[in-house]
Amino acid sequence: MERKYALSLIIAFSLIAGILIGCFIHITQEKEINLLKNSGFEEGVGDNPAYWYKAMVPAEGLNMSWVSDIRHSGSRSVCIFNTHVYNVTVSNNWAQNVYDVPIGKELELIGWVKMENAENVAIVIQCWGKNNELLAFGTTQTTQLLSGTCNWTKCTASITVPEDTDHITVRAVLTGTGKVWFDDIKLLVKK
Numbered sequence: 005m006e007r008k009y010a011l012s013l014i015i016a017f018s019l020i021a022g023i024l025i026g027c028f029i030h031i032t033q034e035k036e037i038n039l040l041k042n043s044g045f046e047e048g049v050g051d052n053p054a055y056w057y058k059a060m061v062p063a064e065g066l067n068m069s070w071v072s073d074i075r076h077s078g079s080r081s082v083c084i085f086n087t088h089v090y091n092v093t094v095s096n097n098w099a100q101n102v103y104d105v106p107i108g109k110e111l112e113l114i115g116w117v118k119m120e121n122a123e124n125v126a127i128v129i130q131c132w133g134k135n136n137e138l139l140a141f142g143t144t145q146t147t148q149l150l151s152g153t154c155n156w157t158k159c160t161a162s163i164t165v166p167e168d169t170d171h172i173t174v175r176a177v178l179t180g181t182g183k184v185w186f187d188d189i190k191l192l193v194k195k
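Counting from 1 along the sequence shown, just add 4 to a position and that's the residue number in my numbering.
Next up, the structure:
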């Protein structure tokens, strides 16, 4: 009788352990690796979100800001508002460099955009070599053109990281005039 009871306990324990191990393996396999820091623009000091910088051509009528009044999630987003008409094409943007480069891996860029009378909006991935040569380029413009006015819209792009990539730059871009907010930008390593 004790033997049957002990055997039943061993079988029950084995089943429970198997289920728990299976769940753990499934959870760890499903976890996405986001290469960007401060993807939701929640952290920062003063008027600047942590890890992001402004890449812009200064002009009267251009304002790039870290805002709390309009956001997709959390408490912050970034905004580009431009009324200045440049003589050449200018892509003012919020940018972040990534130095932990997953060579040969496919990356998926996901972000949320809200626009008001925006001429041309994109989120871009750039793979740069050691001598600052552009090795690969991925943009949301290949999957959807973003212009005009819209509420929060999800946009995506993907790229495979070339072998000689030294670093990656992600840019949240407004080319031309208008107003755009960016939030929840992720650069995910695809499994």
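Ideal Cβ positions, reconstructed from N, Cα and C, are used throughout, including at glycine.
Here the structure is a predicted model, which is why all the values come from computation and not from measurement.
Simplified DSSP assignment, three categories, for residue i
i, result
"Gln148", "coil"
"Pro62", "coil"
"Leu40", "coil"
"Tyr57", "strand"
"Ser69", "strand"
"Ser95", "strand"
"Ser79", "coil"
"Asp171", "In the sequence under discussion, the amino acid at residue 171 is His, which differs from the Asp named in the question. Three-state DSSP puts His171 in a strand."
"Asn136", "coil"
"Glu123", "strand"
"Glu112", "strand"
"Trp156", "strand"
"Lys190", "strand"
"Ile163", "strand"
"Lys215", "The structure shown has nothing for residue 215, since the chain only spans 5 to 195."
"Cys27", "Here Cys27 scores only 48 on pLDDT, less than 50, and its place in the model should not be relied on; the value that follows carries that caveat. Cys27 falls in the helix class under three-state DSSP."
"Leu178", "strand"
Whole-Å CB distance - residue i paired with residue j, under 8 Å assumed
i, j, result
"Gly115", "Cys159", "6 Å"
"Gly133", "Asp168", "5 Å"
"Ile129", "Val174", "6 Å"
Spatially closest choice to residue i from the options, by CA coordinates
i, options, result
"Asn86", "Leu191, Trp185, Val193 and Leu192", "Trp185"
"Ala196", "Val92, Glu46, Ala176 and Gly133", "Outside the modelled stretch of the chain, which goes from 5 to 195, sits residue 196, for which no answer is possible."
"Trp156", "Tyr57, Val49 and Val125", "Val125"
"Asp170", "Thr147, Val193, Leu150 and Asn136", "Asn136"
"Ala122", "Val174, Leu150 and Met60", "Leu150"
"Pro53", "Cys83, Glu36, Ala161 and Ile37", "Cys83"
"Thr144", "Pro166, Met119, Lys118 and Leu113", "Leu113"
"Ser95", "Ser79, Ile107 and Ile127", "Ile127"
"Ile189", "Thr164, Val117 and Ala140", "Val117"
"Asn97", "Val61, Leu39, Ile37 and Thr164", "Val61"
Inset, instruction - Would you check if the region 76-91 and the region 176-190 touch, i.e. whether three or more CB-CB distances between them fall below 8 Å? - result: yes
Legend entry - Sufficient close CB pairs (3 or more, under 8 Å) joining the region 36-43 to the region 67-78: no
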